Amino acid sequence: NPLTKIDFSLPKTGRVVITIYNLLGQEVTTLINEHLNYGYHTVTWQGTDRMGRPVGSGVYFSELRTRNFRQTKKMLLLK
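Each residue of the sequence shown is one higher than the one before, starting from 11 at the first, in the numbering used here.
This is the structure in structure tokens:
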């Protein structure tokens with residue numbers, strides 16, 4: 011099964027949202043939307059949409075957002 015681990019670190023405690031988007035910019039799923047403590051964290055995306063259905067191979071984007079920070083990274087999902 012396709013599996014992607016996203017590692018990130020937080021310099022301070024706060025709300026974190028990690029969302030996966032497809033190439034068209036449509037939201038596929040939200041992996042995390044909660045208050046986290048500072049430090050290192052890992053979240054896993056299992057290649058599924060918000061309904062738990064597997065998504066197709068292709069390019070996806072992960073977006074990590076906090077109150078004062080936003081980062082987007084490109085991912086390639088191969089099956």
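We treat Cβ as the ideally placed atom computed from N, Cα and C, and that holds for glycine.
Quick caveat, the model's predicted, so the values are computed rather than measured.
In three-state terms, what does DSSP make of residue i?
i, result
"Asp17", "strand"
"Met85", "strand"
"Phe71", "strand"
"Gly62", "coil"
Report the option in the options whose CA atom is closest to the CA atom of residue i.
i, options, result
"Phe71", "Asp59, Thr40, Asn47, Thr82", "Thr82"
"Gln56", "Arg25, Lys22, Gly24, Met85", "Met85"
"Gly24", "Gly62, Leu74, Leu87", "Leu74"
"Thr3", "Asn47, Leu20, Asn32", "An answer regarding residue 3 cannot be provided, because it is not within the stretch 11 to 89 covered by the chain."
Quick one: what's got a C-beta closer than 7 Å to residue i's C-beta in the same chain, skipping five residues either side?
i, result
"Asn43", "Val27"
"Lys89", "Pro12, Ser67"
"Glu37", "Thr29, Tyr31"
Looking only at its own chain, which residues have a Cβ that is under 6 Å from the Cβ of residue i, when we skip the five neighbours before and after it?
i, result
"Asp17", "Thr52"
"Arg60", "Thr39"
"Ser19", "Tyr50"
Let me confirm a value: residue i is counted as buried when at least 16 other C-beta atoms fall within 10 Å, else exposed. Which label applies?
i, result
"Leu41", "buried"
#### Entry: Whole runs of the alpha helix (DSSP H) within the region 26-60, excluding any shorter than 4 residues
none
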